[in-house]
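Here the protein sequences line up with chains A and B, keeping their order. Here the working numbering is used: position 1 in the first sequence is -14, and no number is missing along the way. Here the working numbering is used: position 69 in the second sequence is 59, and no number is missing along the way. All residues carry an ideal CB built from backbone N, CA and C; glycine is no exception. Shown next, in structure tokens, is the structure this report addresses.
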Amino acid sequence: EAAVTQSPRNKVTVTGGNVTLSCRQTNSHNYMYWYRQDTGHGLRLIHYSYGAGNLQIGDVPDGYKATRTTQEDFFLLLELASPSQTSLYFCASSLDRINTGQLYFGEGSKLTVL
Amino acid sequence: GDSVTQTEGLVTLTEGLPVMLNCTYQTAYSTFLFWYVQHLNEAPKLLLKSSTDNKRTEHQGFHATLHKSSSSFHLQKSSAQLSDSALYYCALSDEATGGNNKLTFGQGTVLSVIP
């Protein structure tokens, strides 16, 4: 079973605060993704990457930056957090293209912006 | 762009009754369809996947058939169990973006199975 580890698992910040969510996968997967999960909206893709140094824009990128520093590590950055970014964030990885592979999710990071 | 629609936000069933969760989609390209399941306080996990029209796919007692003519991929099970209670996501991926594929998820359906 592929392992995807997220930190922190819980984070509380104030409006305008700076937040970094970290994700590490140790299965040599090429693709990594950041999703947010909200009731009524399901899982929505923020950013994704297919390798170190690569970044692709997802469907809801506004207010988020991301960086893939190594094959293992993918970070999500909120530089000026807003209450609308209160959500449960999931990181995921897959070895190959989604069509042929399987997406492995981390346990989630709950972010609250006051 | 692509879209996935799950019409039911919550489905409540008595144990032993059949399960059917609806999923329809829109895309202009060849598609791969998936069902993911997320139990309480856990990460989503892949349950089923398919790209073949009119072929039934089964896993862990659940099954689904991709019908391209009606753009549907409904999830079914003959007899619900208490342990089936979870959040279920339908998702699709298309070939349009080549090697940078991504999943588009529906809104999710909570299945609650009661004794």
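Spatial neighbours of residue 37 of chain A in its own chain (CB-CB distance under 6 Å, excluding positions within 5 residues in sequence) are listed in chain order as 53, 55 and 56.
The three-state reading of DSSP puts residue 38 of chain B in strand, counting E and B together.
Taking every protein chain shown into account, the CB of residue 49 of chain B has fewer than 16 other CB atoms within 10 angstroms, so this residue is exposed. DSSP places residue -4 of chain B outside both helix and strand once states are collapsed to three, so it counts as coil. In the three-state DSSP reduction, residue 50 of chain B falls in the coil class, being neither helix nor strand. Among the residues of chain A, those whose CB is under 8 Å from the CB of residue 79 of chain B are 27 and 28, following chain order.
Annotation: residue 13 of chain B is outside any beta strand (DSSP E) and is labelled neither H nor E by DSSP. Residue contact with chain B for residue 59 of chain A: absent (no Cβ-Cβ distance below 8 Å to any residue of chain B). In chain order, 0, 48 and 98 place their CB closer than 7 Å to the CB of residue 67 of chain A, counting only its own chain and leaving out the 5 sequence neighbours on each side. Between residue 93 of chain B and chain A, the shortest Cβ-Cβ separation is below 8 Å. In the DSSP assignment, the residues bridged to residue 21 of chain B are B:84.
Distance check between residue 92 of chain B and each of A:15, A:63, A:61 and A:92 places A:15 closest, using alpha-carbon atoms only. Secondary structure of residue 72 of chain B (DSSP, three-state): helix. Separation of the CB atoms of residue 101 of chain B and residue 11 of chain B is rounded to 7 Å, and the pair is thereby assigned contact status at 8 Å. Listed in chain order, the positions of the stretch 30 to 45 of chain B with a beta carbon within less than 9 Å of a beta carbon of chain A are 31, 32, 33, 34, 35, 36, 39 and 41. In this structure, residue 91 of chain A lies away from residue 24 of chain A, with their beta-carbon atoms at least 8 Å apart. Flagged as an interface residue toward chain A: residue 96 of chain B, by a C-beta distance shorter than 8 Å. When DSSP states are grouped into helix, strand and coil, residue 69 of chain A belongs to the helix group. For residue 63 of chain A, no CB of chain B lies under 8 Å from its own CB, so it is not counted at the interface with that chain.
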